[in-house]
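See structure below.
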Amino acid sequence: LHKANSPWISLEPWPSHIRLVELGEESLILAGFDVNLWPLTGEGLSLSISERCQVAEEWVTKGRNKLDQIVIHVGALSLKESQELAQHAAKIGADGIAVIAPFFLKPWNKDNLINFLKEVAAAAPALPFYYYHIPALTGVKIRAEELLDGIQDKIPTFQGLKFSDTDLLDFGQCVDQNHQRQFAFLFGVDEQLLSALVMGATGAVGSTYNYLGRKTNQMLEAFERKDFSSALNHQFCIQRFINFVVKLGFGVSQTKAIMTLVSGIPMGPPRLPLQKASREFTDNAKAKLKSLDVLSFTDLKDGNLEAC
421 LHKANSPWIS LEPWPSHIRL VELGEESLIL AGFDVNLWPL TGEGLSLSIS
471 ERCQVAEEWV TKGRNKLDQI VIHVGALSLK ESQELAQHAA KIGADGIAVI
521 APFFLKPWNK DNLINFLKEV AAAAPALPFY YYHIPALTGV KIRAEELLDG
571 IQDKIPTFQG LKFSDTDLLD FGQCVDQNHQ RQFAFLFGVD EQLLSALVMG
621 ATGAVGSTYN YLGRKTNQML EAFERKDFSS ALNHQFCIQR FINFVVKLGF
671 GVSQTKAIMT LVSGIPMGPP RLPLQKASRE FTDNAKAKLK SLDVLSFTDL
721 KDGNLEAC
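Last residue of the sequence shown: 728 (the numbering used here), numbering continuous.
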């Protein structure tokens with residue numbers, strides 16, 4: 421699933437952004453075209469509530485009849501804000517909502533977290549509900565395996581989780597203990613996707629699939645035909661790029677610069693306190709992408725890199 425950046429210069433790039441997704445047949449994984457507006461890559465938690473609603477409306481309006489599924493992240497530090505965003509997502513016709521744990525005044529046990537999630541889900545009772553597990557950023561260390569135990573009794577609309585952690589024991593137990601339920605187990609650590617597939621992941625959500633989707637699809641195809649040697653080689657190729665940019669300093673700012681580079685659509689600078697990516701980073705990333713021949717798109721476009 422494609423994790424979308426938010427271009428801050430204006431709303432004019434949205435039709436092009438969605439057209440890129442629509443045409444980017446090899447850049448998205450799973451059947452169909454799904455877009456997920458998550459808090460990290462899309463900088464959702466750096467936006468005001470009105471801005472988040474505006475972004476969601478643009479994606480749903482422009483993506484209608486072009487994208488199979490649009491899931492809106494509605495997590496916030498305030499329960500009331502999360503409920504407001506959930507109601508808005510239902511009103512505009514989103515296909516689902518997702519929520520991270522509140523991370524300032526944190527829930528310290530499973531029951532507290534489920535009570536919070538339950539109230540958000542209840543604000544949009546007709547929409548499928550997903551939990552976004554990303555403990556490294558939220559600081560909420562409640563194991564996903566523990567959270568899933570009996571969760572549908574409390575949240576009937578619960579459909580699965582995005583698991584953005586490297587703890588494959590926890591992830592594996594989520595799959596093993598819930599294999600009779602039709603939950604979506606979406607993995608969020610792009611460089612370890614093959615390991616998660618072995619553990620039973622049903623899909624993935626990630627930012628690198630915007631430009632490494634072709635290589636990821638090759639890995640998925642090899643995995644499906646049980647050519648594990650080829651699948652591993654494709655995963656290693658993906659890791660070479662990610663390892664390279666991590667050493668340079670890789671985050672949301674750098675992701676936006678790469679997306680401007682590969683799409684030609686100016687993504688704009690990140691919101692403070694983040695700083696825009698350096699030209700040195702962009703040049704190095706561009707050279708590495710070319711050397712690995714992993715791009716989903718056939719050429720690189722400088723776009724408006726000065727604004728990123």
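All residues carry an ideal CB built from backbone N, CA and C; glycine is no exception. Remember, it's a predicted structure, so these values are computed and weren't measured experimentally.
Residue i classed as buried or exposed, judged by whether at least 16 other C-beta atoms fall within 10 angstroms
i: residue 472; result: buried
i: residue 598; result: buried
i: residue 581; result: buried
i: residue 537; result: buried
i: residue 666; result: exposed
i: residue 573; result: exposed
i: residue 630; result: buried
i: residue 700; result: exposed
i: residue 633; result: buried
i: residue 591; result: buried
i: residue 711; result: exposed
i: residue 648; result: exposed
i: residue 474; result: exposed
i: residue 525; result: exposed
i: residue 656; result: exposed
i: residue 453; result: The pLDDT assigned to residue 453 is 39, lower than 50, so where the model puts this residue is not dependable; a value taken from the coordinates is nonetheless given after this. With 16 or more other Cβ atoms within 10 Å, it is buried.
Short Cβ contact (7 Å threshold) for residue i with residue j
i: residue 517; j: residue 544; result: yes
i: residue 480; j: residue 469; result: no
i: residue 606; j: residue 618; result: no
i: residue 509; j: residue 520; result: no
i: residue 609; j: residue 636; result: no
i: residue 539; j: residue 497; result: no
i: residue 651; j: residue 614; result: yes
Close Cβ partners of residue i (< 6 Å) along its chain, the five nearest in sequence each way excluded
i: residue 541; result: 549, 575 and 577
i: residue 466; result: 691
i: residue 638; result: 654
i: residue 560; result: 521 and 526
N-terminal and C-terminal residue of the beta strand (DSSP E) that residue i is part of
i: residue 554; result: No beta strand (DSSP E) holds residue 554; DSSP gives it neither H nor E.
i: residue 519; result: 516-520
i: residue 580; result: 578-583
i: residue 489; result: 489-493
i: residue 604; result: 604-607
Proximal residues to residue i (C-beta, below 8 Å), its chain only, five neighbours per side dropped
i: residue 529; result: 562
i: residue 568; result: 581, 594, 597, 598 and 603
i: residue 588; result: 612, 615, 616 and 619
i: residue 533; result: 521, 527, 560, 562 and 567
Through-space distance from residue j to residue i, alpha-carbon basis
i: residue 487; j: residue 531; result: 35 Å
i: residue 643; j: residue 552; result: 25 Å
i: residue 653; j: residue 505; result: 42 Å
i: residue 704; j: residue 698; result: 10 Å
i: residue 708; j: residue 696; result: 20 Å
i: residue 584; j: residue 621; result: 12 Å
i: residue 554; j: residue 570; result: 20 Å
i: residue 502; j: residue 523; result: 13 Å
i: residue 495; j: residue 535; result: 14 Å
i: residue 601; j: residue 565; result: 14 Å
i: residue 515; j: residue 478; result: 14 Å
i: residue 678; j: residue 694; result: 16 Å
i: residue 688; j: residue 513; result: 27 Å
i: residue 558; j: residue 664; result: 26 Å
i: residue 668; j: residue 579; result: 37 Å
i: residue 702; j: residue 623; result: 29 Å
i: residue 706; j: residue 641; result: 26 Å
i: residue 713; j: residue 485; result: 32 Å
i: residue 670; j: residue 682; result: 16 Å
i: residue 447; j: residue 646; result: Per-residue confidence for residue 447 stands at a pLDDT of 37, beneath the threshold of 50, marking its modelled position as unreliable; the derived number appears in the next sentence. Taking the straight line from one Cα to the other gives about 22 Å.
Beta-carbon proximity list for residue i, same chain, < 7 Å, skipping 5 on both sides
i: residue 690; result: 463, 672, 673, 676 and 696
i: residue 611; result: 658, 659 and 662
i: residue 507; result: 543 and 544
i: residue 546; result: 510
Enclosing alpha helix (DSSP H) for residue i [first to last residue]
i: residue 694; result: Careful: residue 694 lies outside any alpha helix (DSSP H) and carries neither H nor E.
i: residue 369; result: Beyond the ends of the chain as shown, which are 421 and 728, falls residue 369; an answer cannot be given.
i: residue 571; result: 571-574
i: residue 567; result: 564-568
i: residue 595; result: 588-596
i: residue 618; result: 613-619
i: residue 536; result: 530-542
i: residue 499; result: 499-512
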